[in-house]
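Its first residue numbered 1, the sequence shown is counted upward by one per residue in full-length UniProt numbering.
Every residue gets a Cβ at the ideal spot worked out from N, C-alpha and C, and that includes glycine.
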Amino acid sequence: MKIAAQISRVIVGLLFIFSGAIKLNDPIGTQYKLEEYFEVFAADLPALHDFFMSLVPLSLYFSVFLCTAEVVLGIALLVGYKPKTISWLLLLIILFFTFLTFYSAYFNRVTDCGCFGAAIKLTPWSSFGKDLFLLVLIIIIVWNRRKFQAMPTGIIVVLSTIASLGVAVYALRHLPIMDLLPYRVGASIPGQLKPSEPLRYLYIFEKDGKTSEYEKYPSDTTLVFKEMVVLNEDAKPKITDYKVWNDAGDFTEETFKGSKLFLIIKSLSDINTAALPDINKLISSVKTKGIEPIILTSGNSEEIVSFLNAHQLTAPYYYVDATVLKTILRSNPGLWLLKDGIVKGKWHYNDTPTPEEVLDLVK
Numbered sequence: 001m002k003i004a005a006q007i008s009r010v011i012v013g014l015l016f017i018f019s020g021a022i023k024l025n026d027p028i029g030t031q032y033k034l035e036e037y038f039e040v041f042a043a044d045l046p047a048l049h050d051f052f053m054s055l056v057p058l059s060l061y062f063s064v065f066l067c068t069a070e071v072v073l074g075i076a077l078l079v080g081y082k083p084k085t086i087s088w089l090l091l092l093i094i095l096f097f098t099f100l101t102f103y104s105a106y107f108n109r110v111t112d113c114g115c116f117g118a119a120i121k122l123t124p125w126s127s128f129g130k131d132l133f134l135l136v137l138i139i140i141i142v143w144n145r146r147k148f149q150a151m152p153t154g155i156i157v158v159l160s161t162i163a164s165l166g167v168a169v170y171a172l173r174h175l176p177i178m179d180l181l182p183y184r185v186g187a188s189i190p191g192q193l194k195p196s197e198p199l200r201y202l203y204i205f206e207k208d209g210k211t212s213e214y215e216k217y218p219s220d221t222t223l224v225f226k227e228m229v230v231l232n233e234d235a236k237p238k239i240t241d242y243k244v245w246n247d248a249g250d251f252t253e254e255t256f257k258g259s260k261l262f263l264i265i266k267s268l269s270d271i272n273t274a275a276l277p278d279i280n281k282l283i284s285s286v287k288t289k290g291i292e293p294i295i296l297t298s299g300n301s302e303e304i305v306s307f308l309n310a311h312q313l314t315a316p317y318y319y320v321d322a323t324v325l326k327t328i329l330r331s332n333p334g335l336w337l338l339k340d341g342i343v344k345g346k347w348h349y350n351d352t353p354t355p356e357e358v359l360d361l362v363k
């Protein structure tokens, strides 16, 4: 049993460190996921609606705390720091995660728990299964907690806490150190809107109480269609919801032509307006050098027109779904540079580039 406990300790420790570190790289992504959970609970539990909605503004703080806790608890477990306390804390946190993933899977309310950030996508039931596996291992650790030798490794735990918070703060003040999203630098947006290979389907029909499967759509009209399953899931388009439009119509394809510098305004309620003067100067400068500046926003027309006039922003604006804008850039405002549909640059408002830096990227 002691060997099982030691193996469990290593597996749990490494998985917690990996999961927490991936999410610390992008704490805003976890913030969005927590907001989604709070809003779902508010809708599903009307009696607690106000309570859960009051937690939404605190989502970023919860995100940083939970991600840091995962890393620190994983390291503490591996180095043998306060094994009794750490084992109980791990049990509490895995019970919390197991509840969330079960709720997501059973009620089909949150289709991606964000357990490993944008690095690894799991289905709701896969996420729940992963947490059940960890729960079993952590129960083994708790059961054998008195057999672990406590080590004087507090300094390692302290340093790991400081380092984890440092990564989170850097990602918040700039952008994720590793961009794992489909809109990252170097990615082709139009390329990801198409399947990587022709999709293959399995067609499931029923007749006289018997189920039959076909790889080609059958011509027998007496068959009753039941389901169509994609056989090569990995070939599906990586991006399915990128749409750009204005009152005149769809503008999506136009965003892939030539060099375009997009000013991303995710919302007007929490935008950092102090960064806009420098961004405005950049827009005015690149406009004269062959780069078309465009504003992408999810706000309504009256609000955005008033806002642009107030801040003397003269670039044309187009609409994009709010969720897509959150995925494109973890900054409000932020800058996104495309050339012929390929991402050449992304900047947080704290890192507004010079015109020369932008021009060098589209040469």
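- Sequence ranges, alpha helix (DSSP H) only - wholly within the region 256-283, length at least 4: Runs found: none.
- Which first and last residues belong to the beta strand (DSSP E) in which E253 is found? On the sequence shown, residue 253 is found 253 positions in, with the first residue counted as 1. For E253, there is no enclosing beta strand (DSSP E), as DSSP marks it with neither H nor E.
- Which residues bound the beta strand (DSSP E) around I342? Here residue 342 refers to the residue found at position 342 when the sequence shown is read from its first residue. Judged by DSSP secondary structure, I342 falls within the beta strand (DSSP E) whose first and last residues are I342 to H348.
- From N108 to Y61, what distance separates their C-alpha atoms? Here the question's residue 108 lines up with position 108 in the sequence shown. Here the question's residue 61 lines up with position 61 in the sequence shown. A direct Cα-Cα distance of roughly 26 angstroms separates N108 from Y61.
- Query: From L180, K266, M228 and S188, pick the residue whose C-alpha is nearest to that of R200; which is it?
  - Reply: The residue you call residue 200 lines up with position 200 of the sequence shown. Cα-wise, what sits closest to R200 is M228.
- Which class does F148 belong to by DSSP, given the choice of helix, strand or coil? The sequence position of residue 148 within the sequence shown is 148, counting from 1. Here F148 carries a coil assignment [DSSP, helix/strand/coil].
- Query: Nearest to T252 by alpha carbon, out of G258, V244 and S259?
  - Reply: By 1-based counting over the sequence shown, the position of residue 252 is 252. The shortest Cα separation from T252 among G258, V244 and S259 belongs to V244.
- Item | Through-space distance from L261 to H311, alpha-carbon basis | Sequence index remark: in the sequence shown, residue 311 carries index 311 (1-based). Sequence index remark: in the sequence shown, residue 261 carries index 261 (1-based). Straight-line Cα distance between these residues: approximately 18 angstroms.
- Message: What ranges does the alpha helix (DSSP H) occupy inside the region 4-78, keeping only unbroken runs of at least 4 residues that lie completely in it?
- Response: Secondary structure within the region 4-78: the alpha helix (DSSP H) runs of 4 or more consecutive residues, fully enclosed, are 27-44 and 49-55 (chain order).
- Query: The beta strand (DSSP E) spanning E206 covers which residue range?
  - Reply: Counting from one through the sequence shown, the residue named residue 206 turns up at place 206. Per DSSP, E206 is one residue of the beta strand (DSSP E) stretching across Y201 to K207.
- Query: What does DSSP give as the partner residues of L338 in its beta bridges?
  - Reply: For the purposes of this step, residue 338 is identified with residue 338 of the sequence shown, where counting begins at 1. Within the DSSP secondary-structure output, L338 pairs in a beta bridge with K260 and V343.
- Query: In angstroms, rounded to a whole number, what distance separates the CA positions of A187 and F256?
  - Reply: Working through the sequence shown from its first residue, we reach residue 187 at position 187. Working through the sequence shown from its first residue, we reach residue 256 at position 256. Approximately 12 angstroms between the Cα atoms of the pair.
- Query: Near S8, what residues of its chain come up, given a Cβ to Cβ distance below 7 angstroms and the 5 sequence neighbours on each side ignored?
  - Reply: Along the sequence shown, one-based indexing puts residue 8 at 8. Annotation for S8: L137, I140 and I141 place their beta carbon closer than 7 angstroms to its own, counting only its chain and skipping 5 residues before and after.
- Task: Can you tell me which of W125, S331 and K339 puts its alpha carbon nearest to the alpha carbon of D351?
- Result: One-based indexing of the sequence shown puts residue 351 at position 351. Comparing alpha-carbon positions, the option among W125, S331 and K339 lying closest to D351 turns out to be S331.
- Query: Buried or exposed: which applies to K289, given that a residue is buried once 16 or more other Cβ atoms fall within 10 Å of its Cβ?
  - Reply: Within the sequence shown, the letter at position 289 stands for residue 289. K289 should be labelled exposed.
- Query: Excluding sequence positions up to five away, which residues of its chain have a Cβ less than 7 angstroms from the Cβ of G154?
  - Reply: Translated into positions along the sequence shown, residue 154 becomes position 154. Hits under 7 angstroms: Y81.
- May I ask you to report which of helix, strand or coil DSSP gives T85? For this step, residue 85 is matched to residue 85 along the sequence shown. Three-state result, T85: helix.
- When DSSP labels each residue in this structure, what does V230 get in the three-state scheme? Indexing the sequence shown from 1 puts residue 230 at position 230. Assigned with DSSP and collapsed to three states, V230 falls in strand.
- Compute the Euclidean distance between the alpha carbons of E303 and S269, then round it to the nearest angstrom. Position 303 of the sequence shown, counted from the first residue, corresponds to residue 303. Position 269 of the sequence shown, counted from the first residue, corresponds to residue 269. Cα-Cα distance, rounded: 11 angstroms.
- Message: Quick check: the Cα distance between K344 and L361, rounded to an integer number of angstroms?
- Response: Position 344 of the sequence shown, counted from the first residue, corresponds to residue 344. Position 361 of the sequence shown, counted from the first residue, corresponds to residue 361. Cα to Cα, the separation comes out at about 6 angstroms.
- Task: Measure the C-alpha to C-alpha separation of S86 and L77 and round it to an integer number of angstroms.
- Result: Sequence index remark: in the sequence shown, residue 86 carries index 86 (1-based). Sequence index remark: in the sequence shown, residue 77 carries index 77 (1-based). Strictly speaking, residue 86 in this sequence is Ile, with Ser absent from that position. One C-alpha to the other measures close to 7 angstroms.
- Backbone secondary structure at N300 - three-state DSSP: Locating residue 300 in the sequence shown gives position 300, counting from the first residue. N300: coil per DSSP, three-state reduction.
- Query: Roughly how many angstroms lie between the CA atoms of L15 and G74, to the nearest whole one?
  - Reply: Here residue 15 corresponds to residue number 15 of the sequence shown, with the count starting at 1. Here residue 74 corresponds to residue number 74 of the sequence shown, with the count starting at 1. Near 8 angstroms, if we compare the C-alpha coordinates of G74 and L15.
- Which of helix, strand or coil does DSSP assign to Y170? Working through the sequence shown from its first residue, we reach residue 170 at position 170. Helix.
- Query: In whole angstroms, what separates the C-alpha of G166 from that of P57?
  - Reply: In the sequence shown, the residue the question calls residue 166 occupies position 166. In the sequence shown, the residue the question calls residue 57 occupies position 57. Near 22 angstroms, if we compare the C-alpha coordinates of P57 and G166.
- Rounded to a whole number of angstroms, what is the C-alpha to C-alpha distance between residue 371 and Y242? The chain is shown only over 1 to 363; residue 371 falls outside these bounds and no answer can be derived.
- State the CB to CB distance for the pair F38 and S59, rounded to an integer number of angstroms; the pair is presumed to be in contact (CB under 8 angstroms). Here residue 38 is taken as the residue at index 38 of the sequence shown, counted from 1. Here residue 59 is taken as the residue at index 59 of the sequence shown, counted from 1. Yes, F38 and S59 are in contact; Cβ-Cβ is about 7 angstroms, under 8 angstroms.
- Item | Among A315, P152, I93 and W88, the one whose alpha carbon lies nearest that of V79 | One-based indexing of the sequence shown puts residue 79 at position 79. The candidate whose alpha carbon is nearest that of V79 is P152.
- Query: For P293, which of helix, strand or coil comes out of DSSP?
  - Reply: As a working note, residue 293 is residue 293 in the sequence shown. Here P293 sits in strand by DSSP.
- Local conformation of F244 per DSSP, three classes: Locating residue 244 in the sequence shown gives position 244, where the first residue counts as 1. Position check: residue 244 holds Val in this sequence, whereas Phe was assumed. Of the three classes helix, strand and coil, the one that applies to V244 here is coil, per DSSP.
- Under the assumption that L338 contacts P293 (Cβ atoms under 8 angstroms), give the Cβ distance between them as a whole number of angstroms. Here the question's residue 338 lines up with position 338 in the sequence shown. Here the question's residue 293 lines up with position 293 in the sequence shown. Not quite, the Cβ-Cβ distance comes to about 12 angstroms (not below 8 angstroms), so this is no contact.
- Would you kindly work out how many angstroms separate the C-alpha atoms of L308 and G299, rounded to a whole number? Translated into the one-based positions of the sequence shown, residue 308 becomes position 308. Translated into the one-based positions of the sequence shown, residue 299 becomes position 299. Between L308 and G299, the C-alpha separation is close to 12 angstroms.
- My understanding is that V12 touches L134, with C-beta atoms under 8 angstroms, so please give their C-beta distance in whole angstroms. Looking up residue 12 in the sequence shown gives position 12. Looking up residue 134 in the sequence shown gives position 134. Confirmed, Cβ separation roughly 6 angstroms.
- Leaving out the 5 sequence neighbours to the left and right, which residues in its chain are closer than 7 angstroms to I271 when beta-carbon positions are compared? Position 271 of the sequence shown, counted from the start, is the residue given in the question as residue 271. Hits under 7 angstroms: I265, N332 and P333.
- Task: Using beta-carbon positions only, say whether L276 and I295 come within less than 8 angstroms of one another.
- Result: In the sequence shown, counting from the first residue as 1, residue 276 sits at position 276. In the sequence shown, counting from the first residue as 1, residue 295 sits at position 295. Between L276 and I295, the C-beta spacing is not below 8 angstroms.
- Item | Under the three-state DSSP convention, the category K326 falls into | As a working mapping, residue 326 is identified with position 326 in the sequence shown. Here K326 sits in helix by DSSP.
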